[in-house]
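Engineer:
Numbering (the numbering used here), first residue to last: 497 to 783.
(1) For my contact list, residue 680 and residue 673 are in at a C-beta cut-off of 8 Å; report their separation, rounded to the angstrom.
(2) Could you tell me which uninterrupted beta strand (DSSP E) segments, each at least 3 residues in length, are contained entirely in the segment 636 to 666, listed from first to last along the chain?
(3) What's the gap between the Cα of residue 585 and the Cα of residue 547?
(4) Could you compute how far the alpha carbon of residue 601 sits from the alpha carbon of residue 780?
(5) For residue 759 and residue 627, what's the separation of their Cα atoms in angstroms?
(6) Measuring straight from C-alpha to C-alpha, what distance separates residue 747 and residue 618?
(7) Taking 8 Å as the limit between beta carbons, can you name the residues of its chain near residue 689, skipping five residues before and five after?
(8) Rounded to whole angstroms, what's the CA-CA distance from residue 593 to residue 599? Just pull it up for me.
(9) Ends of the alpha helix (DSSP H) at residue 573?
(10) Leaving out five residues before and five after residue 719 in sequence, what residues of the same chain have Cβ atoms less than 6 Å from its Cβ?
(11) Excluding five sequence neighbours on each side, which residues of the same chain lie with their C-beta closer than 8 Å to the C-beta of residue 702?
(12) Going by beta carbon distance, what residues of the same chain come within less than 6 Å of residue 540, once the five residues before and after it are set aside?
(13) Would you please state the rounded distance, in angstroms, between the beta carbons of residue 623 and residue 604? I believe it to be under 8 Å.
(14) What's the call for residue 753, buried or exposed, on a 16-neighbour Cβ count within 10 Å?
(15) Taking a contact to mean a Cβ-Cβ separation below 9 Å, would you say residue 647 touches residue 620 in this structure?
(16) Run through DSSP, which three-state label would residue 742 get?
(17) Compare the Cα-Cα distances from residue 614 to each of 649, 582, 574, 595 and report the closest residue.
(18) Suppose only complete runs of 3+ residues qualify. What are the beta strand (DSSP E) ranges in the segment 664 to 690, listed by chain order?
(19) Return the CA-CA distance between residue 631 and residue 522, expressed in angstroms with no decimal places.
(20) With a 10 Å radius around its C-beta and 16 neighbouring C-beta atoms as the bar for buried, classify residue 714 as buried or exposed.
(21) List the endpoints of the continuous alpha helix (DSSP H) containing residue 699.
(22) Take residue 557 as the anchor and find which of 563, 543, 633, 524 has the nearest alpha-carbon.
(23) Hey, how far is the Cα of residue 517 from the Cα of residue 543?
(24) Which residues share a DSSP beta bridge with residue 598?
Here it is as structure tokens:
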């Protein structure tokens with residue numbers, strides 16, 4: 497059964513860039529300078545564009561941020577899902593495509609007849625569901641959901657998250673949930689990675705991360721988030737502003753904002769290593 501990993505951090509820290517790197521669809525001028533992307537036992541970094549096309553949607557698929565802008569407004573929703581199917585499965589008949597579209601829409605709770613509608617005829621929640629259906633068109637092993645709650649009201653957002661959880665369990669999908677909203681991550685994910693200024697600063701089980709955050713940045717994020725349980729406490733903000741990623745601070749990138757900063761934090765970059773609990777990693781000189 498697949499697991500969901502949440503990738504959390506403030507806006508601009510590089511979460512969406514990670515998603516685009518996994519699919520090798522970085523914008524013009526962007527490139528992967530070093531490292532590996534191991535998926536299904538294979539390193540994706542050295543693969544050509546033609547080889548990657550065979551792995552996108554079938555291996556790794558994505559629900560892009562912003563359901564309205566992700567669809568082409570002049571094509572029917574069903575035609576856009578059909579394109580995703582035919583692109584990755586040559587020789588499939590028109591009847592089979594139509595049957596697949598109907599099943600995909602039913603899977604995400606949309607009446608199959610709505611395949612003949614245009615994106616502007618769908619509500620925000622329905623567009624998000626249709627995007628999920630399109631992402632599942634080629635039966636992927638992994639699904640990336642980039643800010644799935646964007647521009648949705650609280651009720652529709654909750655319905656969308658429930659759908660993603662149900663699909664993960666029913667289809668055995670592995671999932672990466674990208675969000676700046678810790679409540680979404682806590683509700684949907686078994687694992688959590690916290691990102692700051694382009695780097696992972698903490699990783700572990702969701703329960704461990706939220707109950708015992710180790711990195712000062714993670715601690716600051718959680719203290720800034722309201723809770724409906726226990727006594728009311730004053731929320732605190734993280735002082736300062738995110739760094740310029742073109743000219744980042746030396747060594748630990750959080751050192752200008754950290755309440756526990758030491759001299760070593762400005763000289764040596766801390767490594768992401770295990771501390772205390774098993775499989776709970778943090779990049780911090782405090783431990």
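Beta carbons: idealized from backbone N, C-alpha and C, even for Gly.
Structural biologist: From the atom records:
(1) 7 Å
(2) Inside the segment 636 to 666, DSSP marks whole beta strand (DSSP E) runs of 3 or more residues at positions 638 to 642, from first to last along the chain.
(3) 15 Å
(4) C-alpha separation (whole angstroms): 46 Å.
(5) 48 Å
(6) 48 Å
(7) 501, 502, 503, 504, 696, 698, 699
(8) Answer to the nearest angstrom: the Cα atoms are 10 Å apart.
(9) Per DSSP, the continuous alpha helix (DSSP H) segment holding residue 573 begins and ends at 573 to 584.
(10) Leaving aside the five residues that flank residue 719 on each side, the residues in its chain whose CB is nearer than 6 Å to its CB run, in chain order, 732.
(11) 502, 681, 682, 685, 686, 687, 688
(12) 533
(13) 11 Å between Cβ atoms; not a contact.
(14) buried
(15) yes
(16) Residue 742 falls in the coil class under three-state DSSP.
(17) 574
(18) 670 to 675
(19) Cα to Cα, residue 631 sits roughly 18 Å from residue 522.
(20) With 16 or more other Cβ atoms from the protein chains shown falling within 10 Å of its own Cβ, residue 714 counts as buried.
(21) Counting along the chain, residue 699 falls outside any alpha helix (DSSP H), though it belongs to the beta strand (DSSP E) covering 695 to 701.
(22) 633
(23) 13 Å
(24) Answer by DSSP bridge pairing: none, since residue 598 is not bridged.
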